[in-house]
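So the mapping is simple: the numbering used here equals the position in the sequence shown, first residue as 1, plus 330. Where a beta carbon is used, it is the ideal one built from N, C-alpha and C, also for glycine.
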Amino acid sequence: MRQKRAKSYRKQMLVYQHTFKFREPYQTIVHSDLVTLCQSASFDVAKGINRTIQAEIKPMITQCCMQALYSTKNQDAIEIAKKFERRRCNHPPKAPLDPSECIESIVNVDGKNKHRYIVATQDYELRKKLRQVPGIPLVYMNRSVMVMEPLSKKSAQISESLETSKLTGGLNDAKNAGIVPKDVPEGKKRKGPKAPNPLSVKKKKVEATEASDAPKKRKRRHKSSKAGENHEEQSNESNASTESNESNEAQSIS
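1. Tell me the residue span of the beta strand (DSSP E) that contains Thr-392.
2. What does a CB cutoff of less than 6 Å around Ile-433 pick up in its chain, not counting 5 residues either side in sequence?
3. Tell me the residue span of the alpha helix (DSSP H) that contains Ala-486.
4. Inspect the beta-carbon positions of Ala-385 and Glu-354 and report whether they are closer than 8 Å.
5. Taking only the alpha-carbon atoms, compute the straight-line gap between Ser-489 and Lys-351 and give it to the nearest angstrom.
6. With Thr-451 and Arg-417 assumed to form a contact (beta carbons below 8 Å), what rounded beta-carbon distance in angstroms separates them?
7. Between Ile-436 and the rest of its own chain, which residues show a CB-CB distance below 6 Å, the 5 nearest in sequence each way excluded?
8. In terms of residues, what are the limits of the alpha helix (DSSP H) holding Thr-451?
9. Taking 7 Å as the limit between beta carbons, can you name the residues of its chain near Val-365, skipping five residues before and five after?
10. Could you give the C-beta distance for Ile-387 and Tyr-339, rounded to a whole number, given that I count them as a contact under 8 Å?
11. Of all the options Leu-492, Arg-335, Lys-458, which has the alpha carbon lying nearest to the alpha carbon of Ile-383?
12. Using the Cα positions of Lys-337 and Met-471, report the straight-line distance between them to the nearest angstrom.
13. May I ask you to report which of helix, strand or coil DSSP gives Asn-438?
14. Measuring only the C-alpha atoms, how far is Val-345 from Ala-525?
15. Pick out whichever of Ile-448, Glu-431, Pro-422, Pro-464 has its Cα sitting closest to the Cα of Lys-442.
16. Under 8 Å by Cβ, that's how I've got Leu-456 and Ser-430 pegged, so tell me the actual separation to the nearest angstrom.
17. Between the Cα of Ser-482 and the Cα atoms of Leu-427, Arg-461, Ser-495, Thr-494, which residue gives the shortest distance?
18. Of the choices Gln-333, Lys-424, Lys-533, Val-477, whose alpha-carbon is the least far from that of Lys-377?
19. Alpha carbons only, please: which of Asp-453, Lys-403, Leu-367 is nearest the one belonging to Arg-474?
20. Are the beta-carbon atoms of His-361 and Cys-395 separated by less than 8 Å?
21. Pull up the CB-CB distance for Leu-492 and Thr-402, whole angstroms please, since I reckon it's below 8 Å.
22. From this set, Arg-332, Gln-347, Leu-497, which residue's C-alpha is nearest Ser-485's C-alpha?
23. How many Å lie between Lys-444 and Pro-480 at the Cα?
24. For Ile-448 and Leu-427, I'd like the C-alpha separation in whole angstroms.
25. Below 8 Å CB to CB, which residues in the same chain sit around Lys-341 once its five sequence neighbours on both sides are set aside?
26. By a C-beta neighbour count over all protein chains shown, 10 Å radius and 16 as the cutoff for buried, is Asp-329 buried or exposed?
27. Between Met-343 and Arg-446, what straight-line distance do the alpha-carbon atoms span, to the nearest angstrom?
Okay, here's the thing in C-alpha cells:
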C-alpha cells in the first residue's frame with residue numbers, strides 16, 4: 331500500500347471514530363461476491379481488509395450470503411467464509427434474500443448505520459445505495475488491490491456540521507451574548523460585594539497611639555529596701571552606744 335493512500339485511509343477512519351463512534355475491532359460485513367473473487371485470486375480477504383483499514387477487524391457474513399456461496403458449490407470459498415462470524419439476518423434459510431438486499435437491510439436501519447458496520451463488497455449498486463447512508467466505510471477490490479472509498483457527501487456533511495457546532499458552541503448562549511433574560515425585572519439591581527467579617531478583621535491599635543501622643547511623666551527613682559535596712563541598723567547601734575556612755579557617766583558621778 332502506498333504511503334499517501336495509507337495516510338488517507340487513516341484520516342478517514344479517524345473521522346468515523348470521532349464522528350460516528352466506531353471502535354476496534356471493527357465489525358466488517360463481507361459480501362459473498364468478494365469472498366469468491368479473493369479466493370480465485372488467492373488473496374486473503376480478512377488480512378487484506380486489515381491492511382486497508384490499518385486496524386483490527388471482526389469479519390462477519392450473513393446467512394443469505396452463505397446460502398449464495400453454497401449454491402456455487404465452491405468449496406474453497408465456502409471454507410473461507412465459514413471462518414467468519416455468522417451475522418443473523420433473520421431471513422428464512424429456505425427463502426434467502428439476494429446477498430446485496432440482505433446486507434442493505436441489516437446495515438441501513440432507518441437511514442443510519444446503527445451497528446457501525448464496515449461493508450466489503452464488489453457490488454457497485456449496493457455501494458451506491460449505501461453512500462446515501464452516513465457513516466458507512468466501503469471496501470472493495472480494484473483489480474488486484476483492496477481499496478476504501480473516500481468519505482461520502484453525507485458523511486462529510488455530518489462531520490463538518492459537528493466540527494462547526496463544537497467551534498461555535500456557546501456563542502449564542504444568553505450569558506455569553508450578554509442578553510438579559512426576560513423574566514428578570516428591569517429595576518432589580520445586582521448586589522455588590524459584601525463587607526468583610528468583623529471578627530476576622532484585625533483591630534487598630536488606638537490606645538498605643540494615644541499613649542504615644544500624651545506627655546511623658548518623670549519617674550522618681552526610689553532607694554532599695556536593703557539600703558534602708560542598713561541605715562536603720564546603723565542608727566540603732568549609735569543610739570545604743572550613746573545610752574551606754576550616759577549610764578557610765580552617771581555611775582562615775584555618784
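Taking the definition as stated:
1. 387 to 392
2. Ile-359
3. 483 to 498
4. Cβ atoms of Ala-385 and Glu-354: closer than 8 Å.
5. 12 Å
6. Actually they do not touch by this definition, with Cβ atoms about 14 Å apart.
7. So the qualifying residues of the chain are Cys-419.
8. Premise fails: Thr-451 is in no alpha helix (DSSP H) and is neither H nor E.
9. Val-375, Leu-399, Ala-407, Ile-410, Ala-411
10. Actually they do not touch by this definition, with Cβ atoms about 13 Å apart.
11. Arg-335
12. 19 Å
13. strand
14. 54 Å
15. Pro-464
16. Right, their Cβ atoms sit about 4 Å apart.
17. Arg-461
18. Answer by Cα proximity: Val-477.
19. The question names Arg, but residue 474 in the sequence shown is Ser. Ranking the options by Cα distance to Ser-474, first place goes to Leu-367.
20. Contact: yes.
21. The Cβ separation is near 43 Å, so there is no contact.
22. Gln-347
23. 20 Å
24. 20 Å
25. none
26. The chain is shown only over 331 to 584; residue 329 falls outside these bounds and no answer can be derived.
27. 12 Å
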